[in-house]
Amino acid sequence: MKLYPAIDVLGGRAVRLLYGKRDQVTDYGDPVDCAKRWVDEGAEILHVVDLSGAFGEADGFEKVLERIAKLGVPVQSGGGLRSMAEIHRRFRAGADRVVLGTVCVEHPEVLYEAVERYRDKIVAGIDAKDGRLAVRGWTQLADKDAFEFGCEAKALGVTDAVFTDIGRDGALSGVNVEETVRMGETGLNIIASGGVRDLNDLRALQAQGVYGVILGRALYTGAISLRDAFEVR
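For the sequence shown, our numbering begins at 157 and goes up steadily by one.
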């Protein structure tokens, strides 16, 4: 099971949001310093998100990404990618894989073109609440079933997806193992995100053969150490 330490960037700072709400934010400092910390602890890949972009704002995220990419480990990056030009720019800044969410719903032709060009470097972002897709930085619910979207992404040639239960994200309330496993029935390799609180959550995901897991607040609060997480996976 792959482990993805998360670095969410808002206004040039590394932050964690509660349930994706920007008015419930904890600041963890310089995102590059956070990345260095996770790399020093053995991270094999980083999950770096442009939250400002997800909220429709521009704040020079690519410059931060460029510095993180120079640390020598692969970077998976999402947030605010709503056109092919933005996708190209994210790859040029150093991303090895990009996660597409809102654009898949609002402009599915962009997902198709991106997969045609970048193949398995394109990851679907399935952000869900009560089975429906959340878009625009999780501020809106689309009239789209999350599982159905996963099936459509698979049919287009997507191989991997980040599945986030936004009702648990940042809350340390426990990962939604059941829904994560169900999402795997789409045929996608599922990277679980949202609610991971301790090593028992990692064990539960690992026991179900889940492909990967994103580690956020639990890492930053010390509830989980990356070294201990590697022992589990």
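Just so it is clear, CB atoms sit at the ideal spot from N, CA and C, and this is done for glycine as well. Here the structure is a predicted model, which means the values were calculated and not measured.
Identify, in the order they occur along the chain, each residue of the same chain with its Cβ nearer than 7 angstroms to the Cβ of residue i, setting aside the five sequence neighbours on each side.
i	result
Asp357	Gly330, Val331
Glu335	Asp321
Considering only DSSP beta bridges, list what residue i is partnered with.
i	result
Gly351	Per DSSP, none; premise fails for Gly351.
Tyr160	Ile370
Ile278	Val254
His203	Ala162, Gln232
Pull up the CB-CB distance for residue i and residue j, whole angstroms please, since I reckon it's below 8 angstroms.
i	j	result
Thr258	Arg292	6 angstroms
Leu207	Gly235	6 angstroms
Phe386	Leu159	7 angstroms
From residue i to residue j, what does the alpha carbon distance come to, in whole angstroms?
i	j	result
Gly198	Leu382	7 angstroms
Gln396	Ile201	Because the chain here runs from 157 to 389, residue 396 falls outside it and cannot be looked at.
Asp321	Ser349	7 angstroms
Asp179	Gly323	16 angstroms
Val165	Val205	6 angstroms
Ile278	Gly378	31 angstroms
Tyr274	Leu267	10 angstroms
Ser215	Arg169	Rather than Ser, the amino acid found at residue 215 in this sequence is Asp. Spanning the two alpha carbons is a distance of roughly 11 angstroms.
Ala249	Pro230	12 angstroms
Ile370	Ala191	14 angstroms
Val388	Gln364	13 angstroms
Ala210	Leu237	8 angstroms
Ala270	Met157	26 angstroms
Below 8 angstroms CB to CB, which residues in the same chain sit around residue i once its five sequence neighbours on both sides are set aside?
i	result
Thr342	Phe303, Gly306, Cys307, Ala309, Lys310, Ala317
Val261	Leu289, Val291, Ala298, Lys300, Phe305
Ala360	Val331, Val333
Excluding the 5 residues preceding and the 5 following residue i in the sequence, name in chain order all residues of the same chain whose CB lies nearer than 6 angstroms to its CB.
i	result
His203	Tyr160, Ala162, Gln232, Ile370
Val181	Val171, Leu173
query = So does the stretch 177-191 actually touch the stretch 216-233, counting three or more Cβ pairs closer than 8 angstroms?
reply = yes
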